[in-house]
Structure formats: structure tokens, C-alpha cells
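Heads up: the sequence shown is residues -13 to 669, going by the numbering used here.
The beta carbon of each residue, even a glycine, is placed where N, CA and C say it ideally should be.
These numbers come from a predicted model, not from an experiment.
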Amino acid sequence: MSVQKRSVLEREILIPAIRATFAKLDPRHMLKNPVMFVTEVGAAVTTVEVFRASAHGESIGFVVQVALWLWFTVLFANFAEALAEGRGKAQADALRKTRTKTFANREAKGALERVSSEALRKGDIAVVVAGELIPGDGEIIEGVASVDESVMTGESAPVIRESGGDRSAVTGGTTVLSDRIRIRISADPGESFLDRMISLIEGAKRKKTPNEIALNILLSALTIIFLLVCVGLRPFGAYIQSYTPGLSASAFSTTVLIALLVCLIPTTIGGLLSAIGIAGIDRMVQKNVLAMSGKAVEAAGDVHVLLLDKTGTITIGNRQAAGFYPAPGVDPKRLAEAAHLASLADETPEGKSIVALAAQEGRPGLPTPSELKFAEFVAFTAQTRMSGVDVDGRAIRKGASDAIRDWVGKNFPIEVDRKVEEISKNGGTPLVVADGSEVLGTVYLKDIVKAGLPERFREFRAMGIRTVMVTGDNPLTAAAIAKEAGVDDFLAQAKPEDKLALIRKQQSLGYLVAMTGDGTNDAPALAQADVGVAMNSGTQAAKEAGNMVDLDSNPTKLIEIVEIGKQMLMTRGALTTFSVANDVAKYFAIIPAMLLGAFPQIRPLNIMGLGNPASAILSAVIFNAVIIIFLIPLALRGVKFKALSAGEVLQRNLLVYGLGGLVVPFVGIKAIDLVVYNLLHLV
-13 MSVQKRSVLE
-3 REILIPAIRA
7 TFAKLDPRHM
17 LKNPVMFVTE
27 VGAAVTTVEV
37 FRASAHGESI
47 GFVVQVALWL
57 WFTVLFANFA
67 EALAEGRGKA
77 QADALRKTRT
87 KTFANREAKG
97 ALERVSSEAL
107 RKGDIAVVVA
117 GELIPGDGEI
127 IEGVASVDES
137 VMTGESAPVI
147 RESGGDRSAV
157 TGGTTVLSDR
167 IRIRISADPG
177 ESFLDRMISL
187 IEGAKRKKTP
197 NEIALNILLS
207 ALTIIFLLVC
217 VGLRPFGAYI
227 QSYTPGLSAS
237 AFSTTVLIAL
247 LVCLIPTTIG
257 GLLSAIGIAG
267 IDRMVQKNVL
277 AMSGKAVEAA
287 GDVHVLLLDK
297 TGTITIGNRQ
307 AAGFYPAPGV
317 DPKRLAEAAH
327 LASLADETPE
337 GKSIVALAAQ
347 EGRPGLPTPS
357 ELKFAEFVAF
367 TAQTRMSGVD
377 VDGRAIRKGA
387 SDAIRDWVGK
397 NFPIEVDRKV
407 EEISKNGGTP
417 LVVADGSEVL
427 GTVYLKDIVK
437 AGLPERFREF
447 RAMGIRTVMV
457 TGDNPLTAAA
467 IAKEAGVDDF
477 LAQAKPEDKL
487 ALIRKQQSLG
497 YLVAMTGDGT
507 NDAPALAQAD
517 VGVAMNSGTQ
527 AAKEAGNMVD
537 LDSNPTKLIE
547 IVEIGKQMLM
557 TRGALTTFSV
567 ANDVAKYFAI
577 IPAMLLGAFP
587 QIRPLNIMGL
597 GNPASAILSA
607 VIFNAVIIIF
617 LIPLALRGVK
627 FKALSAGEVL
637 QRNLLVYGLG
647 GLVVPFVGIK
657 AIDLVVYNLL
667 HLV
């Protein structure tokens, strides 16, 4: 299901987009965009004026051209939206081809029945064995299997999915490569992960974001103001004409006033606003991130605080055991043996590295799990922060130093305390091993900060975004890693409720918070966060709680998600600035042309030196339509992302897009006027 970037110049995107452009002329659709609806009404009224032009003393050719270019303005705006949707629909068609109708072994009254995957409903139990396709989205409730998810993520390497952990969610259409699993279906037909993704990238269920709605209200208000101004110009024009016999009858005609209105209202951003939002979601999809709504993408661009897990996000994730440090009077081999026993049931890379190191430094012939027939293994939990084994009357535990301290009571050697502090100050992770109430020593785990992250965190800081590292490590270890990584703050010894409390605290201060998670215990925090990115490999509870799902299950993706959100907001701001500046320039093209006959004194305002009123008005209308076409690639691609503060972004917009929005119309309208004026004279 990995989505590749599609070029908008492809035939299968262009042709449907052109058809959709005309279909979107339906007034019911146009009403969703008040600016373009007013433009369409203006185009329709001007078309009617073509048949009345001669009666009003207007040039029919002039009115026809204005009407045509007003229709082109509407069509170009519709084309921008259709093109953005078209790329998504082409991607959706590609995804539909990957969707295969399969059969499922559904449990019913203690037996298995063979049914179509479309017959499965939420809550049904299905059994899948090696070589079969998983029939629907769900969660493994029994078994462990190797699953090929390449159809979804594009990665060829199989992954392990198992019940009872944070890797229990499976997606319909993926293939079980080994073993047998029981799955509880979590989605009805038409509501699966793939169905939601197809619907999203088609734009069929895209809702306007809060910022988009606010901007639409502002654009609508500006449109109403200019509409009232243009309506008020009609009686003003009649009054002037009664006292200026030589003034052309068409100077304040309906056609001219509509042209003025359309050129002054923010048609540029009005025509591109929807395309910018759709393109933002499209860029998320290209990164293999499913955003549940456009609001989530927008929120990603507005976040103030990033909560980042240490392991797998800031550090490489596979911490390695680097040494055993026994307590005073403890045989190093005894420590190695105890660490080995406490790690036998630990399937994490850290646990496996402890077993491997113990085999090197401990006594030969250490037991395997199968040889410990009467042992009871104790799994690690976020609450106890320990793991271990009960065997032969011994309770062996390994875990965080404070957890072991609580376990053994007062019998915690000061030398072990010092070693824990030393390892932590060096940026390592200390694990303490205990046999009953006796502390045996410390295991040193090394953490490696991912390359390039400190530089990216500095960029975020420049943008006003705080980064907070969340870890279960003790404060000393957390402080050392936080310093090396360059994060602004850290939360050590974090439990699920601590993450939730931190998010709520930041939100109470008025900040928007983003975080990632994959486990059921992350679900409350994911639901509370403004941007909650769930890992696709995680539990169903986590995926339902978040408002984004990362198909690649890469926690570092949160940084890219924020950058895409920022880019969408920057693009919207840049084009809004350009559009408003455009309107100012077009004002100097049309107003002097309209009033020059009545008030020759305003000739200095005709700073463009346009040929005559007709060519000036027509040139402004043509430029107003054509500029939308030229800006479509920028709206779809987005402005180049740079790590800038809000003030720097505003400054760049004013200098580049504000100044550019003033200069480009002067050049463009003048160039068009030279052509139009000569053509009008030829006619």
C-alpha cells in the first residue's frame, strides 16, 4: 500500500481533472467557496450582458471577452482543485487494485466455516494460517506469526505480529508467512484501514480545517465589502455621467463593475485554498502516513511541543549490554548468571544482548528456558519496570535502580548507587540485578543518539517548537541523553499516566502537543494529544485513539509530519499574501481606467500607462484568471520548507510573496495590455 508520488501531467490524472472541472460548475458545489461562487455569478451575469451590450452603447466584443475570461477564472480555480483531487484518485485506484477479495475461516459455534472476507463483521473471530491472506483489519488474540506487509508499507522484510503485546494489530490484505493466528475483526466492510485511506486520498470525505474555515470567513467578508462598494459605484457613476456629457456610457456599466469586483476580491487564494489543503494530505500519504482528517494535518503545523520517546526515536533503539559491574563481595560470574536468568524471557534486543554478554563473561553451560522446567518468568511491565524469574526458590529480578531499590528494601549498596550514577552521567542505561533481597550488581546498557537529530532539534527550537524526550530511564540517564540529543526537556521514569499528565499540563498552558505511541497504554495520551501518531504495527486501541497512523511504524516520522504541516500552513500564508498584494496592484489598473474620463486629474494614478479603459480592464481580468494557472504547481508542491520562526515566516512572506504580488501584476498586466490594446485597435 506504499503510495508513490504521481505527476499531475499523467494522462490518467489530467483527463479526469478536466472533466471534473466542468462538473464542479454546479452552483451547489460552488457555494462551498463563496469567493468563486460570486465570480461564477458575475460570469453568468456578464454572459447575459452580451445580448444587451449594444443597447447600452457597449462594445459587444469587449463584453464577450470579459465574460469568457471570467468563466476561465472559475474554470481554472476548479481545475486546481480537480487536479489535486485527481492525483489522489489515481493513487486510490492503484490501492484498489491491491485489494483482493479473499476467503476467511470464521469461527462459528465452535467450528470453522469458509466465508467471503466481505461477510466478516466487527467482532467476528477468524483463523489464518501460513500462506493465507489476512481477511480484514483486526487484532491477534491468540498466536504469533511472521507477516508480509509489503503490500501496505512497501518493505519486503516480514514482521512479527503476536497477541497480548504492542504488535498485535494486523491489516487486511497482508499475508501470513508462518504459524497460525486467531484474529478478532475490528472493522465492518467499507470501514477498513484501506477503505479509509482510499476515501481520504480521493478527497471524498475531506472536511475543511478550522484555519481554512476562518480564512474562508475572512475572504467572504472581503468579498461582501467589495460587492457593496461595487454596487454603490453604480449610482455614483450615474450621477457623474449626468454631469459629464463626454463620459462613455460604459464607464460604469454592469460589465465593468463585475470585472472590478472579480479583480478586487481575493480570487487567487479563493481558487487555490482547497487545492492547498488536499495537497497537504497528499504529501502525508506520500510519506506513508494516514491522517484521519485535514484538521490533523493542520494541527501538525501548529504544534508547540513534541513528545518523543527516547528508545527508537531519539536513540537507535537497540541498546546493547556493554558490561557487568558486581557489587562488593559478589562474584562476577554469579552476577552474569543472575542477569542471564533474569533475561531469558526478555525478547527485546536489550535482553538478548544481556544473554549474549553473560555467555561470554559468565560460566559455561548457562541454562536455556526449556531447561528451566519449573521456572516462572516475570515479564517486564511499565508499572513494575522490572523483569525476572522465580526458580529453585530464588526470586531474581533486573530493572531500573529505583524499582530494584523498592524491591530489596534497605539492602541497597552505596557502591551500586555510585555505579548507577556514573553510568547515567555517561549517557548509558543502568540495570540493577537482585537475587531476592541481595543486590548483585549493575548491567551497563549503551544508548546511541541517531545522527542528525541534534541539528533538527535546533531547527525546531528556532521555529518556537519545544522538544521533550520521554523515557522510563532514571533522571540521570535521561539528562545525559537529553543533553547529547539537544532536546529542550525530558520526562524520566515515565509511566502512561505521566505522559497523559504532561500533555494535559502543556495544553492547559495553551500549547498544542504532538506525540507518537504504539501500545494500548499509550492510547489515553494519543487521544489527548492534538496530534497523536499511532504506529501501524501497534495495537488496535492505539490506532483508534490517534488521529494519524504511520504505515512504516517509524517513531521518527513525527518530525517529518510536523514539517509537512508547517509547509501546508506556510503555503497557505504565502499565497494569501500574494493574493492580497495582487488585488492592490489590480486596483491601480482598473480604478484609474474607469474614472479617467470623468476626472482627468487622476491620470498620474495610471502608473502602468495602460492603453485605454477597455484594454486596462480586460488586461486585469485576463491576468486575474491566468495567474491561478501559474500558481497551481506551487499550491500542489508547497513552498520550500525552512525552519523559521513565525516572525521570520511573516517577514519572508511580505518580502517574497507580498512584494512579488505587487510587482508581478504590474509587469503581467502591462504586458497583456500591450497585446490587448493593439488587438483592439486592429479590430
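Any idea which residues DSSP pairs residue i with across the strands?
i, result
"lysine 432", "Gln306"
"asparagine 91", "Arg100, Val113"
"aspartate 295", "Val456"
"glycine 518", "Met501"
"threonine 161", "Leu119, Asp134"
"tyrosine 311", "Thr428"
"threonine 59", "None; threonine 59 has no bridge partner."
"glutamate 125", "Ala155, Arg170"
Give the straight-line distance between the Cα atoms of residue i and residue j, rounded to the nearest whole angstrom.
i, j, result
"proline 2", "alanine 68", "8 angstroms"
"serine 539", "proline 318", "39 angstroms"
"isoleucine 409", "alanine 313", "14 angstroms"
"valine 24", "asparagine 639", "27 angstroms"
"alanine 66", "lysine 273", "22 angstroms"
"glycine 438", "valine 519", "22 angstroms"
"alanine 131", "leucine 119", "12 angstroms"
"asparagine 412", "glycine 374", "26 angstroms"
"tyrosine 430", "glycine 414", "7 angstroms"
"valine 60", "leucine 219", "24 angstroms"
"isoleucine 658", "alanine 70", "28 angstroms"
"aspartate 433", "glutamine 492", "28 angstroms"
"tryptophan 57", "alanine 29", "6 angstroms"
"isoleucine 267", "phenylalanine 222", "47 angstroms"
"alanine 466", "aspartate 459", "11 angstroms"
"glutamine 637", "phenylalanine 652", "22 angstroms"
"aspartate 174", "arginine 107", "5 angstroms"
In terms of residue numbering, what span does the alpha helix (DSSP H) encompassing residue i cover?
i, result
"methionine 278", "That residue, methionine 278, is in no alpha helix (DSSP H); it is neither H nor E in DSSP."
"glutamate 634", "632 to 638"
"phenylalanine 446", "439 to 448"
"alanine 465", "461 to 471"
For residue i, which of helix, strand or coil comes out of DSSP?
i, result
"serine 102", "strand"
"proline 20", "helix"
"isoleucine 382", "strand"
"tyrosine 573", "helix"
"leucine 648", "helix"
"alanine 621", "helix"
"alanine 503", "Note on identity: in this sequence residue 503 is glycine, with alanine being the wrong assignment. In this structure, glycine 503 counts as strand in the three-state DSSP scheme."
"valine 594", "In the sequence under discussion, the amino acid at residue 594 is methionine, which differs from the valine named in the question. The answer is coil: DSSP assigns methionine 594 none of H, G, I, E or B."
"aspartate 174", "coil"
"phenylalanine 238", "coil"
"valine 548", "helix"
"glycine 47", "helix"
"arginine 166", "strand"
"glycine 537", "Checking the sequence shown, residue 537 turns out to be leucine, not glycine. If DSSP states are grouped into helix, strand and coil, leucine 537 belongs with coil."
"leucine 330", "coil"
"valine 341", "helix"
"threonine 301", "strand"
"isoleucine 251", "coil"
"histidine 15", "helix"
"phenylalanine 674", "The chain is shown only over -13 to 669; residue 674 falls outside these bounds and no answer can be derived."
"isoleucine 655", "helix"
"aspartate 403", "helix"
Go to residue i, then tell me how far its beta strand (DSSP E) extends in each direction, as first and last residue.
i, result
"serine 149", "Where serine 149 is concerned, there is no enclosing beta strand (DSSP E), given that its DSSP letter is neither H nor E."
"arginine 38", "No beta strand (DSSP E) contains arginine 38, which DSSP labels as neither H nor E."
"aspartate 376", "372 to 377"
"glutamate 118", "Premise fails: glutamate 118 is in no beta strand (DSSP E) and is neither H nor E."
"methionine 455", "452 to 456"
"threonine 415", "415 to 421"
"glutamate 362", "362 to 364"
"phenylalanine 476", "475 to 477"
Three or more C-beta pairs below 8 angstroms linking the segment 609 to 625 and the segment 262 to 269 | yes
Is the number of C-beta pairs between the segment 8 to 25 and the segment 563 to 582 that are closer than 8 angstroms three or more?
-> no
Given 8 angstroms, three or more beta-carbon pairs between the segment 322 to 329 and the segment 478 to 496 = no
When the Cβ atoms of the segment 159 to 171 are set against those of the segment 194 to 212, are three or more pairs found closer than 8 angstroms?
-> no
Determine, using beta-carbon pairs with one atom in the segment 276 to 293 and one in the segment 526 to 546, whether at least three such pairs fall under 8 angstroms.
-> yes
Do three or more CB pairs link the segment 440 to 451 to the segment 285 to 295 at distances below 8 angstroms?
-> yes
At a cut of 8 angstroms, does the segment 599 to 611 reach the segment 655 to 663 through at least three beta carbon pairs?
-> yes
Below 8 angstroms, can you find three or more Cβ-Cβ pairs linking the segment 203 to 211 to the segment 144 to 158?
-> no
Taking three-plus beta-carbon pairs below 8 angstroms as touching, is the segment 358 to 372 in contact with the segment 394 to 401?
-> no
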